[in-house]
Amino acid sequence: MTVLSITTDFGNLNGFTGTMKGVIYGISPDVKIVDITHEIPAQDVRTGSIALWRAVPYFPAGSVHVAVVDPGVGTARRPIAAKLGDQYFVMPDNGFITPMLEDAESAGEEIIIVHLDNPEYWLDTVYTTFHGRDIFAPVGAHLAAGVPITKLGTVIHDPIRKPLPRPQKTEQGYRANILVIDIFGNCSTNLRVAQVPNLAKTTLKIAGQSIHGIIPSYGHRSPGDLVAVTDSEGFVEVAVVNGSAARTFGIQLDDPVEVFFDE
Numbered sequence: 238m239t240v241l242s243i244t245t246d247f248g249n250l251n252g253f254t255g256t257m258k259g260v261i262y263g264i265s266p267d268v269k270i271v272d273i274t275h276e277i278p279a280q281d282v283r284t285g286s287i288a289l290w291r292a293v294p295y296f297p298a299g300s301v302h303v304a305v306v307d308p309g310v311g312t313a314r315r316p317i318a319a320k321l322g323d324q325y326f327v328m329p330d331n332g333f334i335t336p337m338l339e340d341a342e343s344a345g346e347e348i349i350i351v352h353l354d355n356p357e358y359w360l361d362t363v364y365t366t367f368h369g370r371d372i373f374a375p376v377g378a379h380l381a382a383g384v385p386i387t388k389l390g391t392v393i394h395d396p397i398r399k400p401l402p403r404p405q406k407t408e409q410g411y412r413a414n415i416l417v418i419d420i421f422g423n424c425s426t427n428l429r430v431a432q433v434p435n436l437a438k439t440t441l442k443i444a445g446q447s448i449h450g451i452i453p454s455y456g457h458r459s460p461g462d463l464v465a466v467t468d469s470e471g472f473v474e475v476a477v478v479n480g481s482a483a484r485t486f487g488i489q490l491d492d493p494v495e496v497f498f499d500e
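The sequence shown begins at 238 in the numbering used here and counts up one residue at a time.
Shown next, in the form of structure tokens:
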């Protein structure tokens, strides 16, 4: 049984994702569908991309990931599918693929990307306002059913890339940025804990506040304390114990975080 994940900015009000699932089951009835999230902010390609990127490593080999955050739907932007290592992806060519593609390149994995220009694997009628249902869902279902990716379209080598910001090395440590703010108001940076030589002897400065040391978990401090921890994907995270760092200190995506390695 092939696993097929869906990530969108559709929400759950209007039945869009349910319709996509109906299309998928009609083509590949034995597939197992997993919803990663449908609560991506509208048209926020980067947030959607990060959500999928952080989830993919936990999926079995051969999984298919359909992602639809598509502000350019109905325009000249290409629909694409990709095989990156042992995972498959179906999505608009708007930069969404970037972090997964970069990981595959870094690992030396097999990479095949196609422009979905073979309508044999679409629905018979395609509306310019719902490619999620009419192109991406059926293509994902055909991949899950075993159709080779190269039958779906023309191989390309120039997908649109929108790289995530990377931490910049400084004389005393790093200048990082906030990459993810979760539902609890915890703020994950783009700096991996593996890049920090001594967790106890590290100082973070953000939003006019200083945090001394990176601790194992929230429970090592008292409620209301501003702390730095390792998030669930191995990145340095800023949080308020039993509270919201984002709300308390007005932290927003891309805000700078100065990281100092203490002597």
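Backbone N, C-alpha and C define an ideal beta-carbon position, used for all residues, glycine too.
Taking residue i as the reference, which of the options has the closest Cα?
i    : options                   : result
L401 : G345, F333, I261 and F253 : F333
N251 : H275, L463, T485 and G410 : H275
D340 : W290, E474, L463 and A437 : W290
F296 : A444, A304 and S242       : S242
G480 : Q324, G445 and P460       : P460
I415 : K442, D371 and P329       : K442
V494 : T407, F247, H394 and N249 : T407
Q405 : T365, V417, V240 and V496 : V496
For the putative contact between residue i and residue j, defined by C-beta atoms under 8 Å, what is the C-beta separation to the nearest angstrom?
i    : j    : result
I348 : V392 : About 10 Å separates the two Cβ atoms, so there is no contact after all.
T256 : G285 : Actually they do not touch by this definition, with Cβ atoms about 19 Å apart.
Do residue j and residue i count as a contact pair if the criterion is CB distance below 7 Å?
i    : j    : result
T335 : R398 : yes
V305 : F373 : yes
A437 : N427 : no
I270 : A378 : no
A381 : V260 : no
I273 : A292 : yes
G410 : H352 : no
D371 : V363 : yes
P294 : R314 : no
Note down, in chain order, each residue of its chain lying with its Cβ closer than 7 Å to the Cβ of residue i, except the 5 sequence neighbours on either side.
i    : result
A482 : G422, N423, C424, L463, V475, A476 and I488
L321 : M337, L338, A341, E346 and I348
T485 : V477
K258 : I270
Whole angstroms are fine: how far does the CA of residue j sit from the CA of residue i?
i    : j    : result
A431 : T467 : 10 Å
S300 : D419 : 25 Å
D307 : N331 : 8 Å
V346 : K388 : Note that residue 346 is Glu in the sequence shown, not Val. Computed Cα separation, rounded: 21 Å.
G311 : P375 : 17 Å
Y455 : I386 : 44 Å
M238 : Y325 : 15 Å
D491 : I451 : 20 Å
I287 : D323 : 19 Å
A298 : F253 : 27 Å
P434 : F498 : 8 Å
R458 : G248 : 35 Å
A444 : P396 : 36 Å
Among residues of its own chain, excluding the 5 on either side of residue i, which ones have a beta-carbon nearer than 6 Å to its beta-carbon?
i    : result
H449 : T440
V327 : V303, A318, F373, V376 and G377
Q280 : P308
By Cβ distance below 8 Å, which residues in the same chain neighbour residue i in space, the five residues on each side in sequence not counted?
i    : result
V525 : Look at the range of the chain in this structure, 238 to 500, and you will see that residue 525 is not part of it.
A465 : T439, L441, I448, G450, I451, I452, V473, E474, V475 and A476
Q446 : L463 and F486
Is residue i close to chain B, meaning its C-beta is less than 7 Å from at least one C-beta of that chain?
i    : result
D267 : The structure shown has no chain B; it contains just one protein chain.
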